[in-house]
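Number of protein chains: 2
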Amino acid sequence: QRILQEDLEWAKANSLLFHKHRVGCVNMISSPGAGKTTILTETINALSHDMRIGVIEGDVETDLDASRIRRTGVPAVQINTKGGCHLSAAQVNGALGQLPLERLDLIFIENVGNLVCPSIFDLGEHAKAVVLSTPEGDDKSAKYPAIFARSAAMLINKADLLACGALDFDVEKAIGQARRLNANLEVFVISAKTGQGLDQWCQWLRRLVSQVK
Amino acid sequence: QRILQEDLEWAKANSLLFHKHRVGCVNMISSPGAGKTTILTETINALSHDMRIGVIEGDVETDLDASRIRRTGVPAVQINTKGGCHLSAAQVNGALGQLPLERLDLIFIENVGNLVCPSIFDLGEHAKAVVLSTPEGDDKSAKYPAIFARSAAMLINKADLLACGALDFDVEKAIGQARRLNANLEVFVISAKTGQGLDQWCQWLRRLVSQVK
Ligand SMILES: Nc1nc2c(ncn2[C@@H]2O[C@H](COP(=O)(O)OP(=O)(O)OP(=O)(O)O)[C@@H](O)[C@H]2O)c(=O)[nH]1
Ligand SMILES: Nc1nc2c(ncn2[C@@H]2O[C@H](COP(=O)(O)OP(=O)(O)OP(=O)(O)O)[C@@H](O)[C@H]2O)c(=O)[nH]1
Ligand SMILES: [Mg+2]
Ligand SMILES: [Mg+2]
Ligand SMILES: [Zn+2]
Ligand SMILES: [Zn+2]
């Protein structure tokens, strides 16, 4: 309980920083391998002409994801939790010190791959976005409800795999179950591999950033 | 720290129960949707002629998985963690009280879908088995090393999806990386959908149970 309380102070400090520099912030959360990093590299490629983007990467080990992000040309800070199952606001605050906030419009936080713990922690972000990939199955919002209830947006990724007929993922069922938990949830059905649906997601991000300016 | 210590007492109590009733126990761990429940129902169908099996299901919410297991005819106890990100030995001890231990040969524990937290907790099981599914990508053992280091077996599931050409999962790379963390790791490349590789996994389970008898 005390840990959560202390971290809330850091979350407030982070949101004051975002407010001061008029920078948007989205916290990306999913199971391991749902496609967060692939979505981010495609999103950066689509937006970086008209928006200055930075990324904070959270992983238990390695800087594999930060290196993938840096290849797009935007700054990325890697946090290794060394066994921790989620990013804390304090860790994010440390990473913000390594980003040129005054020259950024949007910061993505890619959280540790975990559908449970990251849903509890407020990092000072403007919105949480949950990624659900089609191979995981369409029952995840019922089984892991907290993150779907607390997210502003849900991206159903790997929609390209539905065509090969080996998955039993019902898109309408997955959206219906998530909306029962969260009626205002924005839903994007996408494929980070083929580019399907990324336009609408980028529009949503542009709106988020324009509200912050 | 104190929580871990207390839970170790429960883990000891569980392993004494397994020893007393000469029952094997395997703790199945994976990301959400990697295929634990599907693997278990297929494994039960293949083994339940010559082995008496029980299952303890761990989920944040719902009894969807326990109902799927009960349809095979074996007893299943559902634990809802209500937000907890892993099963504790104390919860498992409570569930063991609801299973006919004297009439079972093998108990599976299907843990909460999470590659991080369940790796730390000892539930009194004979072995942990980690399931990695091909859509998640082949870098997971490097990024989430603890569970791969602490498991006796790794099942690479959804091998059927490799044939549709939309995944970039290198089986040799995934096995090599995991074996660097854990040289003795038994590896099974399977498909719970087509049945590929399930024979070898069932052989391994038979060996585990015969050692307990
Ligand atoms: N077919 C298909 N594969 C995808 C798509 N998006 C990502 N992938 C693949 O899915 C695997 C995992 O993608 P990542 O982007 O690394 O996933 P992640 O959520 O960042 O993973 P962690 O950071 O480890 O939790 C990789 O093999 C990607 O190539 C998609 O839209 N379609
Ligand atoms: N193509 C294919 N799909 C599979 C295979 N195994 C499981 N699935 C599908 O993967 C999805 C998730 O499977 P589950 O067995 O529910 O996964 P789980 O690990 O038990 O999920 P949680 O308990 O929620 O963590 C379902 O849609 C299954 O049909 C497989 O070998 N091949
Ligand atoms: Mg990633
Ligand atoms: Mg399951
Ligand atoms: Zn956690
Ligand atoms: Zn945890």
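Those protein sequences? They're chains A and B, same order as listed.
Using the working numbering, read the first sequence as starting at 1 and increasing by one per residue.
Using the working numbering, read the second sequence as starting at 1001 and increasing by one per residue.
Even glycine gets a Cβ: it sits at the ideal position worked out from N, Cα and C.
Quick caveat, the model's predicted, so the values are computed rather than measured.
| Check | Outcome |
| --- | --- |
| Leaving out five residues on either side along the sequence, give the residues of the same chain with a beta carbon under 7 Å from the beta carbon of valine 1130 (chain B). | Ile1029, Ser1030, Ile1147, Phe1148, Ser1151, Met1154 |
| For arginine 88 (chain A), go through chain B and note every residue whose CB falls closer than 9 Å to its CB, in chain order. | The sequence given here has serine at residue 88 (chain A), not arginine. Residues of chain B passing the Cβ test: none, with the nearest at roughly 14 Å. |
| Buried or exposed: where does leucine 16 (chain A) fall if 16 or more other Cβ atoms within 10 Å of its Cβ makes it buried? | exposed |
| Quick one: which residues of the segment 68 to 83 of chain A get their C-beta closer than 9 Å to a C-beta of chain B? List them in chain order. | Thr81, Gly83 |
| Could one say the Cβ of glycine 1033 (chain B) lies closer than 8 Å to chain A's Cβ atoms, at least one of them? | yes |
| Under the criterion of a Cβ to heavy atom distance below 7 Å, does leucine 205 (chain A) qualify as lining ligand 1? | no |
| Which one of A:Trp201, A:Leu123, A:Glu6 has the shortest CA to CA distance from glutamate 42 (chain A)? | A:Trp201 |
| Starting from the N-terminal end, write out each residue whose C-beta falls within a distance shorter than 5 Å of any non-hydrogen atom of ligand 4. | B:Lys1036, B:Thr1037, B:Asp1065 |
| For ligand 3, any of its heavy atoms closer than 7 Å to the Cβ of glutamate 61 (chain A)? | no |
| Our contact map puts glycine 1033 (chain B) next to glycine 137 (chain A) with C-beta atoms below 8 Å; I'd like the distance itself, whole angstroms only. | 5 Å |
| Under a criterion of Cβ closer than 6 Å to any non-hydrogen atom of ligand 5, which residues qualify, in chain order? | A:Cys85, A:His86, A:Cys117, B:Cys1085, B:Cys1117 |
| Take the Cβ of isoleucine 1053 (chain B) as the centre, count every other Cβ of all protein chains shown within 10 Å, and call the residue buried at 16 or more, exposed below. | buried |
| I'd like to know if the segment 1068 to 1077 of chain B and the segment 1185 to 1193 of chain B are in contact, where contact means that at least 3 CB-CB pairs between them fall below 8 Å. | no |
| Considering only the beta carbon of each residue, do valine 60 (chain A) and asparagine 45 (chain A) sit closer than 8 Å? | no |
| Glycine 113 (chain A) CB to nearest chain B CB: under 8 Å? | yes |
| Measuring only the C-alpha atoms, how far is arginine 1068 (chain B) from glycine 97 (chain A)? | 49 Å |
| Helix, strand or coil for lysine 158 (chain A), going by three-state DSSP, please let me know. | coil |
| Helix, strand or coil for glutamine 1098 (chain B), going by three-state DSSP, please let me know. | coil |
| Establish whether the CB of glutamate 1061 (chain B) and some CB of chain A are separated by less than 8 Å. | yes |
| Please determine if the segment 1110 to 1126 of chain B and the segment 1153 to 1170 of chain B are in contact, where contact requires at least 3 C-beta pairs separated by less than 8 Å. | no |
| Got a sec: is the Cβ-Cβ distance from serine 151 (chain A) to anything in chain B below 8 Å? | no |
| So for asparagine 80 (chain A), helix, strand or coil by DSSP? | strand |
| Compute the Euclidean distance between the alpha carbons of phenylalanine 1169 (chain B) and isoleucine 1039 (chain B), then round it to the nearest angstrom. | 20 Å |
| How big is the Cα-Cα spacing for asparagine 184 (chain A) and valine 1187 (chain B)? | 44 Å |
| Nearest to alanine 1178 (chain B) by alpha carbon, out of B:Leu1101, B:Gly1094, B:Ser1141, B:Ala1013? | B:Ser1141 |
| Quick check: the Cα distance between alanine 1011 (chain B) and glycine 1094 (chain B), rounded to an integer number of angstroms? | 12 Å |
| Going along chain B in order, which residues have a C-beta closer than 7 Å to the C-beta of glycine 137 (chain A)? | Gly1033 |
| Examine chain A for any beta-carbon lying closer than 8 Å to the beta-carbon of alanine 1142 (chain B), and answer yes or no. | yes |
| Please list, in chain order, the chain A residues whose beta carbon lies closer than 8 Å to that of alanine 1146 (chain B). | Val60, Gly83 |
| With which residues is isoleucine 1147 (chain B) paired in a DSSP beta bridge? | DSSP output for isoleucine 1147 (chain B) lists no bridge partner at all. |
| Who are the Cβ neighbours of glycine 1083 (chain B) in its own chain at under 8 Å, not counting the five residues just before and after it? | Val1060 |
| Between which two residues does the alpha helix (DSSP H) holding serine 1031 (chain B) run? | From DSSP, serine 1031 (chain B) is part of no alpha helix (DSSP H); its letter is neither H nor E. |
| Given that aspartate 160 (chain A) touches chain B, what residues does it touch there, using C-beta distances under 8 Å? | Ala1166 |
| Counting only Cβ-Cβ distances shorter than 7 Å, please list the residues of the segment 24 to 55 of chain A near chain B, keeping chain order. | Ser31, Pro32, Gly33 |
| CB of leucine 1167 (chain B) to nearest heavy atom of ligand 1: below 7 Å? | yes |
| Quick one, which of A:Ile56, A:Arg2, A:Leu8, A:Gly24 has its alpha-carbon nearest glutamine 211 (chain A)'s? | A:Gly24 |
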